[in-house]
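Notes follow the structure.
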Amino acid sequence: MKILYSCLSKSWGGMEMITLTFVRELLKRNISVELLCIKESRIHVEACTSGIITHPIKASGYIHPLTITKVGYLIKKGKFDLIHTQASKDLWILVPALKLIQSKIPLFLTKQVGSFIVKKDLLHRYLYNRVTKAFAISRVIKKNLVETTPLDEQKIELVFNGIGTNKFNPENADRKKLRNEFTVADNELLIGMLARFSPGKGHEEFLTAAKVLNERHDNLKFIIVGEASRGEDEYANSIKKLSQEFNLNNVFFTGYRSDTVDILSAMDIFVFPSHAEAFGIALAEAHSMRLPSVCSNSDGVLDIAVDGETALIFETKNTDDLSAKLEHLINNPQLRKQLGINARKRAVELFDLNVIMNTTIELYKKSLKE
2 MKILYSCLSK
12 SWGGMEMITL
22 TFVRELLKRN
32 ISVELLCIKE
42 SRIHVEACTS
52 GIITHPIKAS
62 GYIHPLTITK
72 VGYLIKKGKF
82 DLIHTQASKD
92 LWILVPALKL
102 IQSKIPLFLT
112 KQVGSFIVKK
122 DLLHRYLYNR
132 VTKAFAISRV
142 IKKNLVETTP
152 LDEQKIELVF
162 NGIGTNKFNP
172 ENADRKKLRN
182 EFTVADNELL
192 IGMLARFSPG
202 KGHEEFLTAA
212 KVLNERHDNL
222 KFIIVGEASR
232 GEDEYANSIK
242 KLSQEFNLNN
252 VFFTGYRSDT
262 VDILSAMDIF
272 VFPSHAEAFG
282 IALAEAHSMR
292 LPSVCSNSDG
302 VLDIAVDGET
312 ALIFETKNTD
322 DLSAKLEHLI
332 NNPQLRKQLG
342 INARKRAVEL
352 FDLNVIMNTT
362 IELYKKSLKE
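If you read the sequence shown in the numbering used here, its first letter stands for residue 2, the second for the next number, and so on.
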């Protein structure tokens, strides 16, 4: 089996990261995979670093006759058995390219982000009718696909984004590494969030809750892990400025870190305050790391967290509710422990990368046979 993966994105976030994760996992299974990407994008750089065969192109906007011709030639010359794209926008290049070379190979689409735009006009029907299977990474995304695209519901499969539960295992992590780096004592609780700096990720609510909790406790420290995506530096700076205005001397900003396992291991409580999330890969990773969480009741979060069982769920954007739920966990070490145990169990059963990859490969094989 030879697959062309596509992710024509200039940004660097969950969609781009999971694309590389899937490519690497397929390669481990001796399945030939190559990546179509934007030249000099972060995913292009990361893929090259990993030794993945890439086909970088230049494409901004939607209409690219020359690029379509080049991609068509690439597909034909490469003799790919199927194509899998992680971004619906890529269909504007992939579908015309396949039509141009009159190829009938299966075309898979993973829908990572919901859309508020209804795409059932003639042109979008032309694009989506060529899709063999669409993977929805959560129930809310599946519902969104049905409501906004001309896809037949039978073409849509619920396939969660997978995580390496062997990698994200607290038994294999160094809990003291980050705590020593930021001088977090054994008797202090480290409360953290992991997200890129982007409006809607809930950084404001996190800092507001930190301000409230600091007035009641003197054994807390907070950590925000992540960097600004392309064009979001101004927002990142506004969040750091807000922290200064709140006089939060016990909040650490780490920037981008590649040692995610050790970082999560250092935390005592994980916070996921996103306003809207298709899935929430960081939350699934925190679950796998046996971390108790406090998370918003938004969209795909509800496919991961179970209120009172693996996490405490607060009303999205409600800082009073977030502070109250965090307070409850701070004061109940036994509850934190039990939520963490349940979270790890759920992650292994539902989100383990091997399970997700096996499901994906079976769907590939089924489409090839049909």
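Glycine included, every Cβ here is placed at the ideal spot set by N, Cα and C.
| query | Per DSSP, what kind of secondary structure is residue 257 in: helix, strand or coil? | reply | In the sequence shown, the residue the question calls residue 257 occupies position 256. Of the three classes helix, strand and coil, the one that applies to residue 257 here is coil, per DSSP.
| request: Using three-state DSSP, classify residue 383 as helix, strand or coil. | output: Residue 383 lies beyond the residue range present for the chain, which begins at 2 and ends at 371; the question has no answer from this structure.
| task | Drop a sphere of 10 angstroms on the beta-carbon of residue 263, count the other beta-carbons inside from all chains shown, and report buried for 16 or more, exposed for fewer. | result | As a working note, residue 263 is residue 262 in the sequence shown. Residue 263 is buried by the Cβ-count criterion.
| said: Using CA atoms only, rank isn't needed, just tell me which of 75, 166 and 325 is closest to residue 6. | reply: Residue 6 sits at position 5 when you count from the first residue of the sequence shown. Of 75, 166 and 325, the residue nearest in Cα terms is 75.
| message | Looking at residue 1: is its Cβ nearer than 8 Å to the Cβ of residue 220? | response | Residue 1 lies beyond the stretch modelled for the chain, which goes from 2 to 371, so this question has no answer here.
| Skipping 5 residues on each side, what residues in its chain have a beta carbon closer than 6 Å to that of residue 3? | Indexing the sequence shown from 1 puts residue 3 at position 2. Shown here for residue 3: same chain residues with a beta carbon closer than 6 Å to its own, the five before and five after excluded, namely 33, 81 and 82 in chain order.
| Thinking just about the alpha-carbon of each residue, which of 254, 284 and 232 is nearest to the one in residue 242? | Within the sequence shown, residue 242 is the residue found at index 241, counting from 1. Taking only the C-alpha atoms, the option nearest residue 242 is 254.
| field | Per DSSP, the bridge partner or partners of residue 133 | value | Within the sequence shown, numbered from 1, the residue matching residue 133 stands at position 132. Answer is none; residue 133 lacks a bridge partner.
| Collapsed DSSP secondary structure at residue 1 in the structure displayed | This structure does not reach residue 1, given that the chain is present from 2 up to 371, and the question cannot be answered.
| In whole angstroms, what is the alpha-carbon distance linking residue 121 and residue 249? | Here the question's residue 121 lines up with position 120 in the sequence shown. Here the question's residue 249 lines up with position 248 in the sequence shown. Rounded to whole angstroms, residue 121 to residue 249 spans 49 Å at the Cα level.
| field | Same chain, Cβ closer than 7 Å to residue 118, five either side skipped, listed in chain order | value | Reading the sequence shown from its first residue, position 117 is the one you call residue 118. The answer, listed in chain order, is 149.
| said: Among the candidates 269, 297 and 193, whose CA atom is the shortest distance from the CA of residue 277? | reply: Start at 1 with the first residue of the sequence shown, and residue 277 comes out as number 276. The shortest CA-to-CA distance from residue 277 to any of 269, 297 and 193 is the one to 297.
| What are the boundary residues of the alpha helix (DSSP H) that includes residue 182? | Here the question's residue 182 lines up with position 181 in the sequence shown. 176 to 182 is the extent of the alpha helix (DSSP H) around residue 182.
| Taking the continuous alpha helix (DSSP H) assigned at residue 55, which residues delimit it? | Residue 55 sits at position 54 when you count from the first residue of the sequence shown. Per DSSP, residue 55 lies in no alpha helix (DSSP H) segment; the continuous beta strand (DSSP E) that holds it begins and ends at 54 to 58.
| Residue range of the alpha helix (DSSP H) that includes residue 368 | Translated into positions along the sequence shown, residue 368 becomes position 367. That run of the alpha helix (DSSP H) goes 354 to 370.
| message | Spatial neighbours of residue 310 within its chain, please: C-beta separation below 6 Å, excluding the five flanking residues on both sides. | response | Counted from its first residue, the sequence shown places residue 310 at position 309. If we look at residue 310 and ignore the five residues flanking it on each side, its Cβ neighbours are 343.
| field | Endpoints, alpha helix (DSSP H) assigned at residue 20 | value | Indexing the sequence shown from 1 puts residue 20 at position 19. Here the alpha helix (DSSP H) through residue 20 covers 15 to 29.
| query | residue 303 by DSSP, collapsed to three states: which one? | reply | Translated into positions along the sequence shown, residue 303 becomes position 302. Taken through DSSP and simplified to helix, strand or coil, residue 303 comes out as helix.
| message | DSSP has residue 193 in a bridge; who is on the other side? | response | Your numbering for residue 193 matches position 192 in the sequence shown. In the DSSP output, where bridge partners are listed per residue, residue 193 has 224 and 271.
| Residue range of the alpha helix (DSSP H) that includes residue 235 | Here the question's residue 235 lines up with position 234 in the sequence shown. Residue 235: member of the alpha helix (DSSP H) spanning 234 to 246, first to last residue.
| field | Proximity winner among 260, 36 and 351, relative to residue 195 (alpha-carbon distances) | value | What you label residue 195 is simply residue 194 of the sequence shown in a count that begins at 1. That would be 260, whose Cα lies nearest to the Cα of residue 195.
| task | Measure the C-alpha to C-alpha separation of residue 239 and residue 322 and round it to an integer number of angstroms. | result | Indexing the sequence shown from 1 puts residue 239 at position 238. Indexing the sequence shown from 1 puts residue 322 at position 321. When rounded, the distance between both Cα atoms is 23 Å.
| If you draw a straight line from the alpha carbon of residue 165 to that of residue 290, how long is it in whole angstroms? | Along the sequence shown, read from residue 1 onward, the residue named residue 165 stands at position 164. Along the sequence shown, read from residue 1 onward, the residue named residue 290 stands at position 289. Spanning the two alpha carbons is a distance of roughly 11 Å.
| field | Separation of residue 88 from residue 320, as counted between CA atoms | value | Here residue 320 refers to the residue found at position 319 when the sequence shown is read from its first residue. Here residue 88 refers to the residue found at position 87 when the sequence shown is read from its first residue. When the Cα atoms are used, residue 320 and residue 88 turn out to be separated by approximately 33 Å.
| Is it true that the CB of residue 65 sits closer than 8 Å to the CB of residue 94? | Locating residue 94 in the sequence shown gives position 93, where the first residue counts as 1. Locating residue 65 in the sequence shown gives position 64, where the first residue counts as 1. Result yes, Cβ atoms of residue 94 and residue 65 sit closer than 8 Å.
| Contiguous alpha helix (DSSP H) assignments of at least 4 residues, all confined to the segment 295 to 349 | You should have 302 to 305 and 320 to 331.
| request: Identify whether residue 35 lies in helix, strand or coil by the three-state DSSP scheme. | output: The residue given as residue 35 occupies position 34 in the sequence shown. Residue 35 falls in the strand class under three-state DSSP.
| query | Start and end of the beta strand (DSSP E) containing residue 4? | reply | Taking the sequence shown and counting its residues from 1, one reaches residue 4 at position 3. Residue 4 -> beta strand (DSSP E) spans 3 to 8.
| What are the residues that DSSP puts in a beta bridge with residue 112? | To locate residue 112, count along the sequence shown from 1; it is residue 111. 137.
| field | Top-ranked residue by Cα proximity to residue 359, from 162, 275 and 285 | value | Within the sequence shown, numbered from 1, the residue matching residue 359 stands at position 358. The closest CA to that of residue 359, considering only 162, 275 and 285, is found on 162.
| Nearest neighbour of residue 125, chosen from 307, 91, 332 and 188 [CA to CA] | Position 124 of the sequence shown, counted from the first residue, corresponds to residue 125. Nearest option by C-alpha distance: 91.
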